Structure formats: C-alpha cells, structure tokens
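In the numbering used here, the protein residues as written are 15 to 517.
C-beta: ideal position from N, C-alpha, C; glycine also.
It should be emphasised that the depicted structure is a prediction, and the values quoted were computed from it without experimental measurement.
A quick write-up on the structure given underneath.
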Amino acid sequence: MSWKTKLITGAAAIAFAWPGLAAADEATDARIKQLEEQLGLLQGQIADLKQSTANNIAAVRKDSTATKVSINNGRPTIESDDGQFSASFRGVFQLDAAHYDQASAGPLGTDFRRGSLGDAAENDHARDLSDGANFRRARIGIEGKAFGAFDYNFLYDFGGSGTEEAGKISAAWVQYGFPVANLKLRIGAFSPPSGLEEAVSTNGSLFAERASPSETVRAIAAGDGRTSVALLASGDNWTGTAAITGNIIGTSSFDEQTAFVGRLTYVPFRRDNALVHVGVNTSIVFNPAASGPDVAGTAATNIRLRDRPEIRVDGARLIDTGNIDADGLTAIGAEFGAQWNNLYVQTEYFDIDVNRKGPLSDPDFTGWYAQAGWTITGEARRYTAGTFDAPRPAHPFDLKKGTWGAWELGLRYSKLDLNYLAGAAGTAPVASAIRGGEQEIFTVGLNWYVNNVLRFQAAYQDVSVDRLSPGGTAFGTGTATPPAGAQVGQDFKIYSLRTQYAF
15 MSWKTKLITG AAAIAFAWPG LAAADEATDA RIKQLEEQLG LLQGQIADLK
65 QSTANNIAAV RKDSTATKVS INNGRPTIES DDGQFSASFR GVFQLDAAHY
115 DQASAGPLGT DFRRGSLGDA AENDHARDLS DGANFRRARI GIEGKAFGAF
165 DYNFLYDFGG SGTEEAGKIS AAWVQYGFPV ANLKLRIGAF SPPSGLEEAV
215 STNGSLFAER ASPSETVRAI AAGDGRTSVA LLASGDNWTG TAAITGNIIG
265 TSSFDEQTAF VGRLTYVPFR RDNALVHVGV NTSIVFNPAA SGPDVAGTAA
315 TNIRLRDRPE IRVDGARLID TGNIDADGLT AIGAEFGAQW NNLYVQTEYF
365 DIDVNRKGPL SDPDFTGWYA QAGWTITGEA RRYTAGTFDA PRPAHPFDLK
415 KGTWGAWELG LRYSKLDLNY LAGAAGTAPV ASAIRGGEQE IFTVGLNWYV
465 NNVLRFQAAY QDVSVDRLSP GGTAFGTGTA TPPAGAQVGQ DFKIYSLRTQ
515 YAF
C-alpha cells in the first residue's frame, strides 16, 4: 500500500472515532466537576472545624484566667475575674503564757480569797491562780463575697479561757450591701460593736485582752457567736450600728434573751497626721433569758455581771454580782479617742442600770478605762470604721536586710465597780446589797509586730480586787463561804506573753 493510501485510511479512521472521544471527554469533565464539588465541601468542613477548634481553645484559655488566686498578707484568696465571687481563708492562733505572782495558798477555812459565786473550782483557783499556757484563740474559717452585693463569714474557734474547748462557732453570718449610704444588713451569729474597744479585732488590739469594763458590757448583749440581726452604716466621718440580739450559740435557756445594741461614732477633727474620735453606745436588755419554765410568771430571768483580770490563762473570775432576778438592763457608754502621728489615746466610761424584780432597789454599776499607745518605730495605728487597729510595720523583720518590724509601747488603767450598797468590812449586807467587788488594773505592755501576720505581746499587770463576802452560802456550804464582811479580794501581779499568728 502506497503512502497515499495509508494517509487516506488513517484520516478516515480518526473521523469515524471522533464522536467516541468527545463522549469520553464529557464523562471525564463531569467526574472532575463532581470531585471539585466534593473537595469544596471538604474544605468548608475543614474550615469550620478549624474555627470551632480555635473557639474552644480561646474559651479554655479564658476559663483558665477567669479565676484569680492570691496570697496577700499570707491570706489565700480565690476570686472570680468579674469580682462577683470570692473566698478568703482565715486563720488565727493566739498562744498565751502567764505567771501569777500572788501570796501562797492557805486552807479554805482561813484563806478567804474567792472567785465566782457558787463555784467550788474557782474557790480553789482564786487562792492559787494557775501559771501556764493555753490557746486563747485557735480559729479557722472562710469569708468572702457572693453575687457582688452579698458578703459572708464563717469562723470556728477551738481556743478558750483557762482551757481550750472542743470547738464552737465564733461567727457565721451573711450580709447584703445596699447601694445607698454604705448601708448593710447582717444576719447570723456575730458580735455587733458595743463600744470603742470592742469594735477592734483582738488581732489588732493594744493588749491581749480588752479592758475589763468594756469586756463586761460586751458580754451583756454582744460577744462572739451572738445571734443577731444588724444594720450597719458609715460615711466619711461617722459610723452607726443598730442590732437586735439573742443568746450566744451553745448557751441553753428557756425563753432566750432579747436585747438591743447601738453605737454611733463621729470624727469632728481630722488631719493627715491627727484625728479626734467621739462616740456613744448602749446595750439594752428587754427580756433577760429565763432560767426555767414560766409557770404562772414565776421563772427567774437572771442578769449576771462578772469578769476575769484581763488575762485568761487561768479562767477564774474574781469579781461577780451573782444572779440578779431582773426585768431588764440598760448600759450606756461614752467614747473618746485621739491620734497624733504614732501616738494615740482612748478612753470609755460605762454606766449599767439593772431593773430588778420585786421590792428590792435597782442596782447601778460603773466602769471606765484609759489607755495609750506609742509606736516606737514611727508607724501609726490605722483608724478604720470607728476604731483604732494595729499598725503595719513599715520594715518587716528581716535579718538579711537588718530590719526589725514595728515596736509599740502600751499603758492602761481600768476600774470596774460591781458593788451596790456594799457596806463596811466586817458587817452583814443589807437586803438590796450586791457585793460583786471592785477591780483595778494597771497594765504596761510591749508589742513586737514582726510582720503583718506575726506579733508578740508582753505585759505586766498590777491587779487589786476589793470585795466583801456576802456571807450565807454564797460561795458554797461550810468553810467555802467566809463570814459576812470578810475580805475575799486580793492584790497580785501578772507577767504574760502572747504569740499570735493571724491571716
């Protein structure tokens, strides 16, 4: 076959095959288009997955930073990023050690020094106050904020007076803050402020214990663990509190006590380095706690005033009115305080009137104290919420840096008179008499603030108790009760040291 013939034959074959090739190309194009569509869908899904993953990672990162954790001044705190919720852990231990320098104990029949009325154990302790140490406070708790406007506090205490206790509620309350006048409503168990000395936390007080007159008034209708509902308000230069209170948690009675506690403070003068504080306070018992079932109105509703000598390593109370069957009580207090740089003074006076049942006359008691503090290292006490709180050391103790914290010197004189128509020594009391005793204490103290959480308090106290025996069986039968008019008070000295860690 010639080349011409081959050329003609090949051209004819291509011509006849062309329609088949065209059909094949159309099928291929369709398949490619389908694959491209599937690829586009897959790419969209991958993009969606990437975005979802990125969103999830961002959310996880946000959640990881939504809660703040801090340990400011040694107090662990957890707080939400928006500030609506928080929880701060609190801890306090106060270990007290004391030596009582008093005359040696004699037999009960000849050594007439006595403690609380009707308490045989205190008869023994009054004659030989116990040297040693005890945890005055050992507290653990939590406080914080919820939903922005609510505050809460729960504090449990294992310390005690004389001996440690198994544990008790010191504070358990919830509080709502109104958006006006800094007004707050608090409900639960707590101590509403009943005076200048009472209002400051014992973590920051000038001495290990409050002045005896202040502590006695505090025990009437306030004190740790007192069931209460209170309104608290404050401004730039004033504070106000009004509370209705009941019993202290863990104290049993029939009908519980009902009382009112109120306090108003004002700062009439303030400069950068000086201020003057004045205030008034009152505690009113409307219905004393009943001691038994009120059968035909015969249940006794007793009021009792007593206290320890401003240190509680030994728990004996050396002044005591005993139970007074009463319809009510009114205590009124006046406050004054002043500060100039690193020097401050404060004083309070209290008058306590008891409305006694029956024909006996109504007793009246008084007490006052004055104290002053001077921070040797120059730091000033912090005046907040109507009280003087502890100074913060400008240079915490650090041997490497050669810094020694803050040092403070304190002086105090207190007098509490729980006598009413006491009469003369060697005589029997008249019917309306109350021989609760008169206690005077002079204290000098030195405080070392190592840092913001650790401090030591050393103190010397000169105690004088003047008290006459009521006679009868006031302290027990037989030789437990000295003859009427015998001196059951005493003079002695106390050397004490407190170690405190509080956050």
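Is residue i near the ligand MN - that is, is its Cβ less than 8 Å away from at least one heavy atom of it?
{"i": "residue 238", "result": "For the ligand MN, the structure offers nothing, since it holds no ligand at all."}
Residues in its own chain within less than 6 Å of residue i by CB, not counting five upstream and five downstream?
{"i": "residue 103", "result": "90, 156"}
{"i": "residue 500", "result": "126, 483"}
{"i": "residue 257", "result": "206, 242, 244, 275"}
{"i": "residue 510", "result": "112, 325, 473"}
{"i": "residue 517", "result": "88, 89, 105, 467"}
{"i": "residue 435", "result": "444, 446, 447"}
{"i": "residue 481", "result": "451, 502, 503"}
{"i": "residue 141", "result": "119, 125, 127"}
{"i": "residue 418", "result": "411"}
{"i": "residue 352", "result": "290, 359"}
{"i": "residue 478", "result": "454, 505"}
{"i": "residue 191", "result": "163, 198"}
{"i": "residue 189", "result": "165, 198, 200"}
For a test of the three-state rule: what should DSSP assign to residue i, helix, strand or coil?
{"i": "residue 370", "result": "strand"}
{"i": "residue 224", "result": "coil"}
{"i": "residue 58", "result": "helix"}
{"i": "residue 47", "result": "helix"}
{"i": "residue 156", "result": "strand"}
{"i": "residue 118", "result": "coil"}
{"i": "residue 35", "result": "In this predicted model, residue 35 has a pLDDT of only 44, less than 50, meaning its place in the structure is not dependable; the value taken from the coordinates is given anyway. The answer is helix: DSSP assigns residue 35 an H, G or I state."}
{"i": "residue 213", "result": "helix"}
{"i": "residue 365", "result": "strand"}
{"i": "residue 64", "result": "helix"}
{"i": "residue 231", "result": "helix"}
{"i": "residue 176", "result": "coil"}
{"i": "residue 53", "result": "helix"}
{"i": "residue 260", "result": "strand"}
{"i": "residue 141", "result": "helix"}
{"i": "residue 394", "result": "coil"}
{"i": "residue 87", "result": "coil"}
{"i": "residue 424", "result": "strand"}
{"i": "residue 312", "result": "coil"}
{"i": "residue 270", "result": "coil"}
{"i": "residue 167", "result": "strand"}
{"i": "residue 493", "result": "helix"}
For residue i, count neighbouring C-beta atoms within 10 Å of its own C-beta (all shown protein chains included) and say buried if the count is 16 or more, exposed if not.
{"i": "residue 354", "result": "exposed"}
{"i": "residue 377", "result": "buried"}
{"i": "residue 227", "result": "buried"}
{"i": "residue 51", "result": "exposed"}
{"i": "residue 96", "result": "exposed"}
{"i": "residue 463", "result": "buried"}
{"i": "residue 159", "result": "buried"}
{"i": "residue 496", "result": "buried"}
{"i": "residue 193", "result": "exposed"}
{"i": "residue 413", "result": "exposed"}
{"i": "residue 53", "result": "exposed"}
{"i": "residue 45", "result": "exposed"}
{"i": "residue 373", "result": "exposed"}
{"i": "residue 195", "result": "exposed"}
{"i": "residue 523", "result": "Given a span of 15 to 517 for the chain in the structure shown, any question on residue 523 remains unanswerable."}
{"i": "residue 219", "result": "buried"}
{"i": "residue 137", "result": "buried"}
{"i": "residue 55", "result": "exposed"}
{"i": "residue 402", "result": "buried"}
Whole-angstrom Cβ separation of residue i and residue j, contact assumed at under 8 Å?
{"i": "residue 114", "j": "residue 506", "result": "6 Å"}
{"i": "residue 335", "j": "residue 322", "result": "That pair is no contact at about 14 Å."}
{"i": "residue 465", "j": "residue 407", "result": "6 Å"}
{"i": "residue 389", "j": "residue 422", "result": "5 Å"}
{"i": "residue 145", "j": "residue 119", "result": "Wrong, their Cβ atoms sit about 13 Å apart, outside the cutoff."}
{"i": "residue 168", "j": "residue 186", "result": "5 Å"}
{"i": "residue 151", "j": "residue 221", "result": "With 8 Å as the limit, residue 151 and residue 221 do not qualify as a contact, their Cβ atoms being about 14 Å apart."}
{"i": "residue 438", "j": "residue 498", "result": "The Cβ separation is near 11 Å, so there is no contact."}
{"i": "residue 94", "j": "residue 81", "result": "6 Å"}
{"i": "residue 233", "j": "residue 211", "result": "That pair is no contact at about 13 Å."}
{"i": "residue 425", "j": "residue 333", "result": "Not quite, the Cβ-Cβ distance comes to about 22 Å (not below 8 Å), so this is no contact."}
Between which residues of its own chain and residue i is the CB-CB distance below 7 Å, once the five residues before and five after are set aside?
{"i": "residue 278", "result": "254, 293, 294"}
{"i": "residue 328", "result": "114, 139, 143, 144, 176"}
{"i": "residue 515", "result": "107, 467, 468"}
{"i": "residue 513", "result": "109, 470"}
Output needed for residue i: all residues of its chain with C-beta closer than 8 Å, excluding positions within five of it in sequence on either side, in chain order.
{"i": "residue 314", "result": "304, 305, 306, 337, 339"}
TODO: Say whether the segment 384 to 391 touches the segment 357 to 375, bearing in mind that this needs 3 or more beta-carbon pairs closer than 8 Å, one atom from each stretch.
DONE: The answer is yes - the segment 357 to 375 touches the segment 384 to 391, with three or more Cβ pairs under 8 Å.
Task: the segment 186 to 201 contacting the segment 266 to 286, beta-carbon criterion three pairs below 8 Å - done: The segment 186 to 201, when compared against the segment 266 to 286, does not touch it at the 8 Å Cβ threshold.
- [ ] Taking 8 Å as the threshold, find out whether the segment 471 to 487 comes into contact with the segment 450 to 459 through three or more Cβ pairs.
- [x] With the cut-off at 8 Å, the segment 471 to 487 and the segment 450 to 459 touch.
Open item on the list: Three or more C-beta pairs under 8 Å: does that hold for the segment 257 to 274 against the segment 225 to 239?
Closed with: Below 8 Å, enough C-beta pairs join the segment 257 to 274 and the segment 225 to 239 to call them touching: three or more.
TODO: Decide if the segment 368 to 375 is in contact with the segment 340 to 353; the criterion is three or more beta carbon pairs, one per stretch, under 8 Å apart.
DONE: The segment 368 to 375 is in contact with the segment 340 to 353.
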